[in-house]
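Numbering (this note's numbering), first residue to last: 312 to 567. Report on the structure given below.
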Ligand SMILES: NC(=O)c1ccc[n+]([C@@H]2O[C@H](COP(=O)([O-])OP(=O)(O)OC[C@H]3O[C@@H](n4cnc5c(N)ncnc54)[C@H](OP(=O)(O)O)[C@@H]3O)[C@@H](O)[C@H]2O)c1
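Now the structure itself:
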């Protein structure tokens, strides 16, 4: 019997690549998305069993629905990828507070709610691997995405701390920090009129997912998702003063 992986945000972008590559590595997939397109996942991954789950993770009901669907399978869970997330571009002066609150609900609150259920199950199993998609934005101030970056910093710190707690249960936690990646992400964030708006120069989501999964199965604490240039930028980010990084980031994120 195949292993089982639960992946949020599996209908598109990095999450779809995680699902595709986990299927290649012999995993059945429980994949979550908010819209109808998650129901296309079984046809895209015909060689494994796929359970598509349509749910809005930004709500408590959505998280509860996802968990009840997974529990109903009555199976051990081998891999969990907490990956779904979004951004919102623009000056904080102008952005809509309700949209920001919704992003916090998805990027932080839902992750904590789902992680609570996941870690209890994996600890009981004394087995499992958790991959948390955060971002290289966790390593820098993110002007013109001023709430998004802190949501990713929260998840990076959460992943590193949780990893230490879960050691004694035989459960690993790995944070994936993608650099800018060619998905719908920045368009969805309303950032079409920024440098981030073009996908021409960004990382391939397949490469980002592969680096995340290689690190996950090697039991590493975190990994940068992207090419050599992206990985060099991450090293530099750890050295530069915050205000220098803020000015650099704004060049790419400020609306033209
Ligand atoms: N792309 C980048 O440049 C980049 C860089 C660094 C980090 N990241 C991180 O990578 C992760 C994935 O981003 P991506 O680029 O792959 O984005 P994406 O292509 O826009 O995909 C987002 C995925 O999340 C799902 N989703 C969105 N809102 C949801 C909700 N309320 N409930 C459940 N599912 C929801 C979407 O489902 P639907 O298809 O149904 O909408 C989709 O499957 C995010 O956590 C992001 O912070 C991305």
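C-beta atoms are modelled at their ideal positions from N, C-alpha and C, and glycine is treated no differently.
Just checking residue 468 against ligand 1 - is the residue's beta carbon closer than 6 Å to any of the ligand's heavy atoms? False, no ligand heavy atom lies under 6 Å from that Cβ.
Beta-carbon spacing of residue 328, residue 516 below 7 Å: Yes, the pair counts as a contact, with Cβ atoms nearer than the cut-off.
Mind listing, in chain order, the continuous beta strand (DSSP E) runs of no fewer than 3 residues lying wholly within the region 512-561? Here the runs fully enclosed are 533-536.
For residue 365, write down the residues that DSSP places opposite it in a beta bridge. Bridge pairing for residue 365: 344 [DSSP].
With DSSP as the reference, label residue 470 as helix, strand or coil. Annotated three-state conformation of residue 470 is helix, per DSSP.
What does the Cβ neighbour count give for residue 315, buried or exposed, with the cut at 16 atoms within 10 Å? By the neighbour-count rule (16 or more Cβ atoms within 10 Å), residue 315 is buried.
CA nearest to the CA of residue 388, picked from 397, 378, 394, 395: Minimum Cα distance to residue 388 is reached at 378.
Given this structure, state the Cα-to-Cα distance separating residue 399 from residue 562, to the nearest angstrom. Just so you know, the alpha carbons of residue 399 and residue 562 end up roughly 16 Å apart.
Can you list, in chain order, the stretches of the beta strand (DSSP E) that have 3 or more residues and sit fully within the region 373-406? Listed in chain order, the complete beta strand (DSSP E) runs (minimum 3 residues) inside the region 373-406 are 390-393.
Are the beta-carbon atoms belonging to residue 540 and residue 451 less than 7 Å from one another? The criterion of a C-beta distance shorter than 7 Å is not satisfied by residue 540 and residue 451.
Any heavy atom of ligand 1 within a distance shorter than 6 Å of the CB on residue 367? Yes, Cβ of residue 367 sits closer than 6 Å to a heavy atom of ligand 1.
DSSP three-state assignment for residue 416, whether helix, strand or coil: Shown here, residue 416 sits in a helix according to DSSP, grouped into three states.
Beta-carbon separation of residue 352 and residue 361 under 7 Å? With a cutoff of 7 Å on beta-carbon distance, residue 352 and residue 361 are scored as near each other.
Is residue 489 near ligand 1, judged by its Cβ being under 6 Å from some heavy atom? Yes; taking the cut-off as 6 Å, the Cβ of residue 489 has a heavy atom of ligand 1 nearer than that.
Can you tell me whether residue 456 is buried or exposed, with buried defined as 16 or more other CB within 10 angstroms of its CB? The residue in question, residue 456, is buried, as its Cβ has 16 or more Cβ neighbours within 10 Å.
For the region 471-514, list the beta strand (DSSP E) runs that are entirely contained and at least 3 residues long, ordered along the chain. Note on the region 471-514: whole beta strand (DSSP E) runs with a minimum of 3 residues are 482-489, in chain order.
Any idea if residue 337 is buried or exposed, counting beta-carbon neighbours within 10 angstroms, 16 or more meaning buried? Residue 337 should be labelled exposed.
Are the Cβ atoms of residue 320 and residue 394 separated by less than 7 Å? Cβ distance < 7 Å, so residue 320 and residue 394 count as in contact.
Hey, out of 372, 520, 334, 429, whose CA is closest to residue 493's CA? Taking only the C-alpha atoms, the option nearest residue 493 is 520.
Would you say residue 416 and residue 369 are within 7 Å of each other, going by their C-beta atoms? Yes; because the gap between Cβ atoms is below 7 Å, this pair is in contact.
Let me check you understand the geometry: is the CB of residue 348 closer than 6 Å to at least one non-hydrogen atom of ligand 1? Annotation for residue 348 indicates a beta carbon within 6 Å of some heavy atom of ligand 1.
C-alpha distance - residue 544 paired with residue 532, whole-angstrom precision: Linking residue 544 to residue 532 through their CA atoms gives a straight-line distance of about 19 Å.
Less than 6 Å between C-beta atoms, sequence neighbours within five positions excluded: which residues of the same chain meet that for residue 341? Correct list, in chain order: 317, 362, 381.
Spatial neighbours of residue 506 within its chain, please: C-beta separation below 8 Å, excluding the five flanking residues on both sides. 562, 563, 564, listed in sequence order.
On a CA-only basis, which of 430, 491, 504 is nearest residue 481? Give me that one, please. Taking the Cα of residue 481 as reference, the smallest distance to any Cα among 430, 491, 504 is reached at 430.
To the nearest whole angstrom, what separates the beta carbons of residue 406 and residue 440, a pair I think is in contact under 8 Å? In this structure residue 406 does not touch residue 440 by the C-beta definition: roughly 36 Å separates them, more than the 8 Å allowed.
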